[in-house]
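Number of protein chains: 4
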Amino acid sequence: MRPASELFPSFPSPDDKLHDHCGVFAVHGHPEAARLTYLGLYALQHRGQESAGLAISTGEELICHKGMGYVDQVLTQKLIKTLPGRSAIGHTRYSTAGDTAFINAQPLVVSCQKGQIALAHNGNLVNSAALRRELESRGDIFQTTGDSEVILHHFARAKHSGAPEALAEALDKVVGAYSLVVLLKDSVIGVRDPHGFRPLSLGQLDGAYVLASESCAFDLIHATFLRDVEPGEMVILNDRGVISLRFAPPNRLAQCIFEHVYFARPDSLVFGRSVHASREQLGRLLAREHPVQADLVVPVPDSGVPAAIGFAEESGIPFKIGLIRNHYVGRTFIEPSQAIRDFGVKLKLNPVRSLLEGRRIVLVDDSIVRGTTGRKIV
Amino acid sequence: MRPASELFPSFPSPDDKLHDHCGVFAVHGHPEAARLTYLGLYALQHRGQESAGLAISTGEELICHKGMGYVDQVLTQKLIKTLPGRSAIGHTRYSTAGDTAFINAQPLVVSCQKGQIALAHNGNLVNSAALRRELESRGDIFQTTGDSEVILHHFARAKHSGAPEALAEALDKVVGAYSLVVLLKDSVIGVRDPHGFRPLSLGQLDGAYVLASESCAFDLIHATFLRDVEPGEMVILNDRGVISLRFAPPNRLAQCIFEHVYFARPDSLVFGRSVHASREQLGRLLAREHPVQADLVVPVPDSGVPAAIGFAEESGIPFKIGLIRNHYVGRTFIEPSQAIRDFGVKLKLNPVRSLLEGRRIVLVDDSIVRGTTGRKIV
Amino acid sequence: MRPASELFPSFPSPDDKLHDHCGVFAVHGHPEAARLTYLGLYALQHRGQESAGLAISTGEELICHKGMGYVDQVLTQKLIKTLPGRSAIGHTRYSTAGDTAFINAQPLVVSCQKGQIALAHNGNLVNSAALRRELESRGDIFQTTGDSEVILHHFARAKHSGAPEALAEALDKVVGAYSLVVLLKDSVIGVRDPHGFRPLSLGQLDGAYVLASESCAFDLIHATFLRDVEPGEMVILNDRGVISLRFAPPNRLAQCIFEHVYFARPDSLVFGRSVHASREQLGRLLAREHPVQADLVVPVPDSGVPAAIGFAEESGIPFKIGLIRNHYVGRTFIEPSQAIRDFGVKLKLNPVRSLLEGRRIVLVDDSIVRGTTGRKIV
Amino acid sequence: MRPASELFPSFPSPDDKLHDHCGVFAVHGHPEAARLTYLGLYALQHRGQESAGLAISTGEELICHKGMGYVDQVLTQKLIKTLPGRSAIGHTRYSTAGDTAFINAQPLVVSCQKGQIALAHNGNLVNSAALRRELESRGDIFQTTGDSEVILHHFARAKHSGAPEALAEALDKVVGAYSLVVLLKDSVIGVRDPHGFRPLSLGQLDGAYVLASESCAFDLIHATFLRDVEPGEMVILNDRGVISLRFAPPNRLAQCIFEHVYFARPDSLVFGRSVHASREQLGRLLAREHPVQADLVVPVPDSGVPAAIGFAEESGIPFKIGLIRNHYVGRTFIEPSQAIRDFGVKLKLNPVRSLLEGRRIVLVDDSIVRGTTGRKIV
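Line order of the protein sequences matches chains A, B, C and D.
The numbering used here applies: residue 20 is where the first sequence begins, and numbers increase by one.
The numbering used here applies: residue 20 is where the second sequence begins, and numbers increase by one.
The numbering used here applies: residue 20 is where the third sequence begins, and numbers increase by one.
The numbering used here applies: residue 20 is where the fourth sequence begins, and numbers increase by one.
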């Protein structure tokens, strides 16, 4: 068995903003484009709960709806029903603090001399501040505080008139992590940065093509997983099918390990590998590299379960569900004003006392083992 | 190991309304009575999501708030803050259909010659229809269609003037399953029927006493579990402490097995036994009584997990998380209008294809093994 | 011209609860009974904004919906669409403070040995407390704190088995002001107390009959006003038409003058007289009995307008709209925390400075002239 | 008396979009800037109910909140409380159809090489399409479909570095109607176009200065009306007081007559004249120029009242309130499905039958007399 460090080639977080993961989805060529995008975002909800949005093309113009909240709050049934068109892109964004939350919701939609364009971005650019200063010094105005808007400015003033070429020209300026879905009047473009930091997969449904951050979005809509978009590849979905362009040579591969550890759903294939299998394997490696004496292996539900099973299988220590999650934890909660402490955890997780009391526990959270020496609960 | 039939003495469902479980909570003698009741109901939310309500005593009068929906929707922070008093009862009710839903929300609060009384009831009476006809023939009016109101009518016209005695006199008329919490101006009463069909536990918090359907409500508020209320016992919580009365001889014990299998949270003690341990043991028994050849034991999350672990340990077949639950499944969902089928399950559960494909699976749901011969998914 | 004291025979407010006015509506024999009741209550919204509710008969049973808020908040389109039946009653209630607001929302619906009955009541009973004590001493329970519930108890235990006779028997016990609409499985009953304190009118729509507190409810649904229900009269609307019973001899007429002055809409006929004409006439009388020297007559909009016109015509002083009402005053308003005073009035009414400055003003509010000596605004 | 055509010098509607009126408000130098802006917009709610928004300056950066709906829906108490700063601008927008509604909500806030700038605009530019094409051809991107964004692009690339001068340079490019309020980090700018199409007034409150579309906004916050901003004038509010610049020579005056007839509140001063007095005078002129034989002059409430009073006074025909408005008309209404017609008007207005029947009526709506020959109602 290989050490954990060999499982993933490297982990160069572009700017230490680990938290900034998002989900993107796109479809071209399906009469229910808005509905499929809604469903795809629904399946990707775990990648971002702060804001959600989609843009569709009527064939004549782009229409965008976005807002703060969960996918099913922002994109209501009433709204989805009214949205025409055969192509669409969508975005769901992780929770970040700050007043700028709404203006940075995606997709971004602008019009320029090349027509209308909508963009949804998963990742972080490392040189966006410098690019922005440069553009502002030429007289450009910015309506968001995020890093994606610079791509649109460079697209608008690219020398190439064709959209894929103009987009490639714009991407030539930016450095960092980006998986993009782009909507034009008559096509959808998917892009993955040359390092392949963030995932993006291509699928097929009836005659249509779909793009998603994780394959679990394909499962929900009964689409077939075809392949990952390659690092440095641009796929253009239009009425003639899928065209692949290589806009940059693939760079040293630098997939984000946290996709497998934290972000992705275990039923997804990400970077061509089962997330579930990765987590279980990390548990096994942990048990091998840091063997401990304990009575029980207990996961922090739900994300810690696969790694805990791996740890238990490798170590031979029994696996038990020793923490119970409250399924009804809401977002507005009344804090006790006195006499009651320590609610943060209690509300969400409660130990099974009869199981844990007096026993040495290996507690596995995500796939990071927090208490390898057997931190005791209760 | 004993056969499953010996684990629980019997299972005489009073009237086949298995679905009609609720959660009750009560507190006497705490300055944050309303808040603790809110928290207790929150922990019991899994026992009922249709309606929620509480009644508090100011010392002078009872005030009741109830409504359709989840505990945190009905009992808002703003409301809880305004509710005074040192004693309270609460109720959360399982989802049932029908227009009578709201008028049957509990607690019921009435005034009569013995003063005001509030009642919250978990269980079903088998002779309520006959009692109701008899009361109506005497000129009484009924404002609910549920079975709990007959208890209040008999309480109001009981010969005894003391509330505990009058309540005992009323309970002498009714037959069936009932765990009750009752609020009077200056005390709280907890009652469990002579068969002990439904659970009710007594706990302590600072100087106050609390009652709850399951001990997980005590854990959340840091109360100490003292004991179960006994079948046929009435406990009176007032400023002098806890008084125990036996209003009926304990009958042949008839605990509802579904409390352990379905209703209760695994971290609760119910009927003096760990729910988690019961579920795991049921899985073990299953594996013993119905051994099968299979590659993997897979639970339907989350309720099937303990029994699946028991099955796996007993059978030696590896336990795997082969179905992933979508945590963001909401209550309003847009049905696809065409081209997409089979959403009911897909939305909530998605298989880990790489794990399940080509393997023989034992699928464990709740603690009922649905596919013992290895029903294959995918 | 007669003095104001002769315009209305007397004004014996039963218990000084002037504020407790409500609106009632009923219909029998129309396929859109719920919808018409919604519309009728909508037209009567000015008579009560605290709670609203209706009860319909399916022919087999009664179904009731009620809640806190405006008619269109409580009775949503979705709800109204689902309500079957050819007969219905409705109620809208004036804002009163207190925690008992919801439990006193009407219609009240109960079942008893005479079947189901729903009741909506406009008025106040003066002997309800005594009746309630007597009923409680016999073992009855009360679920509301209002005065209407005693009527239902007496109805349930009336010796007569026929509903109209049983209702008459119950009304024989009560003293005070009441205009009632009552719904039974197959009929609607309208009642006005022997003094005729509160209004109740009978109308016709296609083949159906309707009852309403004010005739403006008939206008909205294009029903024809037939006549007032007489003091001491009970009208029974069933499939054979309208039957009139006299359950009590008409007492000394005692119409509530505030119906004309405050409660009713000016476009209604109340007590057989145009509310608008009454208000204008009160303004004329005022000008005659209390002549003043002033430059302008200015109404407090909107209720003061008719009386101000009457005052202006009688006195010859010009009528001007000197106060402007803000149409967008909502119910949630942000109070200024400092530096800004006196918002209560400012928000709703703003003077036309150019008109009022330096002039002597007669300000007419409702039909009570508050500032006859020319109180100056600004 | 002068003919109506002399009352207002001219009425050149820039592009026939009469409907596109909005309300703007601004304040500089007050510790409750956000709250005052909320109140100012509240008083200007009649000028636009589609969307509302405000931007404040913390002194370091601008923060903007906007959304679809009424002022008190978009700008909640909770939000206003959290907004710091001593200067702010706000905007309320008239209802227009279309999917682009939200993206065109104002204020617009952008950052550029001159820092952050927020803009709120009342009016319409006639050359915005041409300016936009020109800017796009240079590589600029547009995020709204409205006409205000071109001002910001020209501001960003103006040669002058000072904000007032850069704004003047940008305004030099645009043609049309505009009253603007602009927020910068440390100042507020108010602008009125050289024709003075739209109103904008300057007021004072404690040491602070305020700008508003109508003086009724000053009344609500107890500010003192100082004067109108002049056509072609720019006023800069900063910590040193008010600075006036003339960025263009005043053009031929072209005030929009519809401000007085439709848009403005009668208690406002607009274009230095009382709106109420204008409406009454229009009624008088009408009576003079088009005398009719009639029994009563009846206004369509509320906007027709002043003109009807003027008509009545001039003609000697009695003024009567013959149509009653329902104050509780909401935005969601259940349409009757059959048997009931003609709701649109009925719901809002009901005639006082006893007054109108058999009489010849002059019906006055806004200040347009629609039925000069005595159209009869009923």
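The beta-carbon is built from N, C-alpha and C at its ideal position, and this holds for glycine as well.
Curious, which full-length beta strand (DSSP E) runs of at least 3 residues does the region 57 to 131 of chain D contain?
Runs found: 70 to 76, 81 to 87, 106 to 112, 127 to 131.
Quick one, are the C-beta atoms of Q64/B and T111/B less than 8 Å apart?
Yes, the pair counts as a contact, with Cβ atoms nearer than the cut-off.
Please classify R271/D as buried or exposed, where buried requires at least 16 neighbouring CB atoms within 10 angstroms.
Exposed.
When Cβ atoms are compared, which residues of the region 315 to 346 of chain C fall closer than 9 Å to chain D?
For the region 315 to 346 of chain C, which is checked against every Cβ of chain D, the residues closer than 9 Å are P320, D321, V324, P325, I328, A331, E332, P337, F338, K339, I340, G341, L342, I343, R344, N345, H346.
Looking at the secondary structure, which residues open and close the beta strand (DSSP E) in which I398/B lies?
Lying outside 20 to 397, the shown extent of chain B, residue 398/B is not represented and no answer is given.
Chain A beta carbons: is any one of them nearer than 8 Å to that of Q96/D?
Output row for Q96/D: interface = no.
Output the distance between the C-alpha atoms of L190/B and I170/B, rounded to the nearest integer angstrom.
For L190/B and I170/B, the distance between alpha carbons rounds to 7 Å.
Decide if Q162/B is buried, meaning its Cβ has at least 16 other Cβ atoms within 10 Å, or exposed.
Under this definition Q162/B is a buried residue.
Spatial neighbours of V294/B within its chain, please: CB distance less than 7 Å, with the 5 preceding and 5 following residues excluded, ordered by chain position.
Excluding positions up to five away in sequence, the list reads H279, A283, R284, P285, S287.
Taking buried to mean at least 16 other C-beta atoms within 10 Å of its own C-beta, is R152/D buried or exposed?
Flag for R152/D reads exposed.
For C131/C, which residues in chain B fall below 9 Å Cβ to Cβ?
Those are E155, G158, D159, I160, F161, listed as they occur along chain B.
Output yes or no for whether 8 Å exceeds the beta carbon distance between I99/B and A53/B.
Against a cut-off of 8 Å, the Cβ pair of A53/B and I99/B comes out as a contact.
Could you check where the beta strand (DSSP E) with V261/B kicks off and where it finishes?
Run containing V261/B: 260 to 265, per the beta strand (DSSP E) assignment.
Taking the continuous beta strand (DSSP E) assigned at A45/D, which residues delimit it?
Counting along the chain, the beta strand (DSSP E) containing A45/D begins and ends at 41 to 47.
What span of residues does the beta strand (DSSP E) with P370/A cover, start to end?
P370/A -> beta strand (DSSP E) spans 368 to 370.
Can you tell me which of C83/D, Y61/D, L264/D puts its alpha carbon nearest to the alpha carbon of Y89/D?
That would be Y61/D, whose Cα lies nearest to the Cα of Y89/D.
Under 7 Å Cβ to Cβ from N257/C, same chain only, skipping five residues before and after it: list those, please.
The answer, listed in chain order, is H47, D205, S206.
CB-CB under 8 Å to F290/B, same chain, minus the five flanking residues each way: which ones, in chain order?
The residues are G215, P218, D247, Q274, E278, H279.
Determine, using beta carbons only, whether V193/C and N146/C come nearer to each other than 8 Å.
A contact, by the Cβ cut-off of 8 Å.
Could you have a look at D225/A and say whether DSSP puts it in helix, strand or coil?
In this structure, D225/A counts as coil in the three-state DSSP scheme.
Is the region 321 to 335 of chain B in contact with the region 305 to 312 of chain B, if contact means three or more CB pairs nearer than 8 Å?
The region 321 to 335 of chain B is in contact with the region 305 to 312 of chain B.
With 8 Å as the threshold, decide whether the Cβ of R105/D is near any Cβ in chain A.
So, not an interface residue.
Check the Cβ of R379/D against every Cβ in chain A and list those closer than 9 Å, keeping chain order.
In chain order: nothing, as chain A lies at least about 48 Å away.
Taking all protein chains shown into account, do 16 or more other C-beta atoms lie within 10 angstroms of the C-beta of G78/B, making it buried, or fewer, making it exposed?
With fewer than 16 Cβ atoms within 10 Å of its Cβ, G78/B is classed as exposed.
At a Cβ cut of 8 Å, what residues of the region 232 to 254 of chain C count as close to chain D, listed as they run along the chain?
So the close ones are C235, D238, L239, I240, H241.
Tell me which same chain residues have a C-beta within less than 6 Å of the C-beta of V200/A, skipping the five on either side of it?
Excluding residues within five positions, the ones whose Cβ falls inside 6 Å are V43, A45, I108, A139, G209, L230.
Keeping to the same chain, check which residues put their C-beta closer than 8 Å to that of Q135/D; ignore five residues upstream and five downstream.
Counting only Cβ-Cβ distances below 8 Å, and skipping sequence neighbours, we find E80, L81, V128, V129, L203, K204.
Buried or exposed: D166/C, going by 16 or more other Cβ atoms within 10 Å of its Cβ?
So D166/C ends up on the buried side.
Report buried or exposed for I75/D, applying the criterion of at least 16 other Cβ atoms within 10 angstroms of its Cβ.
When all chains shown are included, I75/D counts as buried.
Please report the Cβ distance between L58/A and L239/A, rounded to the nearest whole angstrom; I am assuming they are in contact, meaning their Cβ atoms lie under 8 Å.
That belief holds up - the Cβ atoms of L58/A and L239/A are roughly 6 Å apart, short of 8 Å.
Please confirm whether L301/C and K339/C have their CB atoms less than 8 Å apart.
Not closer than 8 Å, so no.
Does G104/A pass the burial test, meaning 16 or more other C-beta atoms within 10 Å, or should it be called exposed?
Counting Cβ neighbours within 10 Å, G104/A comes out buried, since at least 16 surround it.
In chain order, what residues of the same chain lie with their CB nearer than 6 Å to the CB of R378/C, ignoring the 5 residues before and after it?
So the list reads D314, L315, once near-sequence residues are dropped.
Check S322/D in the structure and name its three-state DSSP category.
Of the three classes helix, strand and coil, the one that applies to S322/D here is coil, per DSSP.
Can you grab the Cα-Cα spacing for the pair A185/D / E155/A, in whole Å?
So the two alpha carbons sit approximately 15 Å from each other.
Using DSSP's beta-bridge definition, name the partner residues of R246/A.
DSSP output for R246/A lists L221/A as bridge partner(s).
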